[in-house]
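Scroll down for the structure; my scribbles are underneath it.
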Amino acid sequence: MSTSSRLVAGIDALNRTIGASVAWLTLGMVLFTFAIVVLRYAFDVGPIWMQESVTWMHAAVFMLGGAYALQRDEHVRVDIFYRGMTPAGRAGIDIAGVLLFLFPLCAFIFYESFDYVAASWSIREGGRDAGGLPYPMIPLLKSVLLLMPLLVALQGVSLLLTSLRTLREDRSGAPDPGL
């Protein structure tokens with residue numbers, strides 16, 4: 021197995037594991053929401069930390085699940101032409117998309133989020149409301165803003181390498197042993 025094949029397999033395994041793990045947060049959201057409703061209406065108690073947790077779980081599902089969706093090709097795509105193209109044509113579109121859109125967007129999100137996350141850590145931010153999530157939960161959760169573009173960019177590397185392999189195989193008619 022070539023170095024790039026091992027890299028693709030490693031990136032895919034990482035994002036598959038994270039995606040499958042984060043999917044369990046949807047069950048957590050349902051259970052927490054159910055508990056919040058029962059506590060509020062049956063016992064007249066409304067823990068703020070539980071309500072904040074549902075919001076943060078929801079955010080984590082989307083931010084950490086993005087790379088997993090890209091890996092499984094379940095992301096949003098306007099595929100007027102894409103679905104009717106040859107594998108080589110799709111690979112060319114994927115390469116252009118990764119280089120022109122995905123990598124710059126990931127870099128922009130990381131750059132813009134960095135100071136926001138660093139400020140949260142530096143002030144030892146806790147929940148805004150009394151009884152909310154304590155430090156270090158808020159900075160940890162905000163750090164997902166930095167993790168998301170890194171995971172998506174890594175998956176972009178995997179997609180780029182896979183697309184390059186598809187192009188090489190298409191030109192030669194045989195699998196490329198070097199990629």
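In this note's numbering, the protein residues as written are 21 to 199.
Here a beta-carbon is modelled for each residue, glycine too, at the ideal position from N, C-alpha and C.
Selection from the options that minimises the alpha carbon distance to residue i
i	options	result
T53	P67, L119, S41	P67
G85	S133, I56, D32, V58	D32
G151	M157, E132, W69, R60	W69
L161	V81, V28, L122	V81
A43	M83, L180, L122	M83
L34	R92, L47, D190, L59	R92
C-beta atoms of residue i and residue j nearer than 8 Å
i	j	result
M17	V74	Residue 17 is absent from the structure shown; the chain starts at 21 and stops at 199.
D114	S25	no
F130	L174	no
E72	L153	yes
F128	G176	no
Burial state of residue i, where buried means 16 or more other Cβ atoms lie within 10 Å
i	result
S140	buried
M77	buried
S178	buried
V58	exposed
V96	exposed
Own chain, CB closer than 6 Å to residue i, minus 5 neighbours either side, in chain order
i	result
P159	S140, W141, E145
A29	none
S163	V137
A111	S183, T186, L187
Residues near residue i in its chain [Cβ-Cβ closer than 8 Å; skip 5 each side]
i	result
I56	G66, P67, M70, Q71, V74
Close-in-space but distant-in-sequence residues of the same chain around residue i (CB under 7 Å, 5 per side omitted)
i	result
L27	L181
M157	none
T46	V81
Using a Cβ distance threshold of 8 Å, determine whether the segment 166 to 183 contacts the segment 87 to 96, with at least three qualifying pairs required. yes
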